[in-house]
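Enquirer:
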Amino acid sequence: MSDNHTKEQRSYNMSRIRSTDTAPEEKVRKWLHSKGFRYRKNVNSLPGKPDIVLRKYKAIIFVHGCFWHKHDCGRFRLPQTNTDYWKKKITRNVERDKEVSTLLQTDGWRVFTVWECQLKKDSFEKTMEHLRLDLLNG
C-alpha cells in the first residue's frame, strides 16, 4: 500500500508531531495531579529526559506512543514507504528506551511505562489505578 500523501504533505504532518506535552502525557499528568501526586515534567538532568518524575516516590513515568516505541498491542505497523528508514528509527528508539531504563534503575529509580493504547476509554481508569498503587506501594 502506498502513501496517500504527497512528500510535502507528509513532511508537514511529521513536522507537527510533538515530542513533549503530547495529549497522552497531558492526560496522565492531569489524572496524577487530581489524585494528589506532584511531579516534574521533562527533566533534562536525568537520562532520557523523562516525561514525568515523581521524586517523592523515586519514580519515573514514560508515556510512550505505540507507533514510536513499537508496542506489541497491534497498533504498531511499519510504514510501507521509506521502510529502511523507519525500521532503523523505530529499532533505535526501542534500544534507547532499554538503555535509559537500565541507567535510571541503576541510579535507584523505579521506571514505569504507560502506553498510548492503555489510555483509551475502556482501559484508562484501570491502568491509572494500577499505576497509582504501584507508586504508593514502592
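Numbering-wise, the sequence shown is residues 1 to 138 according to full-length UniProt numbering.
Glycine included, C-beta positions come from ideal geometry on N, C-alpha and C.
Note that the structure is a prediction, hence the values are computed from the model and not measured.
#1: Taking only the alpha-carbon atoms, compute the straight-line gap between Glu125 and Phe76 and give it to the nearest angstrom.
#2: Suppose the cutoff is 7 Å on Cβ atoms and the five residues either side in sequence are ignored; what does the same chain contact list for Gln105 look like?
#3: Please name the residue, chosen from Lys88, Asp21, Glu116 and Glu99, that lies closest to Glu41 on a Cα-to-Cα basis.
#4: At what residues does the alpha helix (DSSP H) containing Thr127 begin and finish?
#5: Checking 8 Å against the spacing of the C-beta atoms, do Val28 and Ile60 come in under that value?
#6: Mind the definition here: the region 87 to 98 touches the region 63 to 77 only if three or more C-beta pairs lie below 8 Å; say whether that holds.
#7: With DSSP as the reference, please indicate the residues paired to Arg40 in a beta bridge.
#8: Can you have a look at His33 and say buried or exposed, based on whether 16 or more other CB atoms are within 10 angstroms of its CB?
#9: Return the CA-CA distance between Thr83 and Leu135, expressed in angstroms with no decimal places.
#10: Val43: which of Ile52, Gly36 and Phe37 sits nearest, CA to CA?
#11: Which residues does DSSP pair with Phe112 in a beta bridge?
#12: Less than 8 Å between C-beta atoms, sequence neighbours within five positions excluded: which residues of the same chain meet that for Gln118?
Expert: Looking at the coordinates:
#1: 23 Å
#2: Val111
#3: For the record, residue 41 in the displayed sequence is Lys; it is not Glu. Minimum Cα distance to Lys41 is reached at Asp21.
#4: Phe124 to Leu136
#5: no
#6: yes
#7: Val53
#8: exposed
#9: 39 Å
#10: Ile52
#11: Ile61
#12: Phe124 and Thr127
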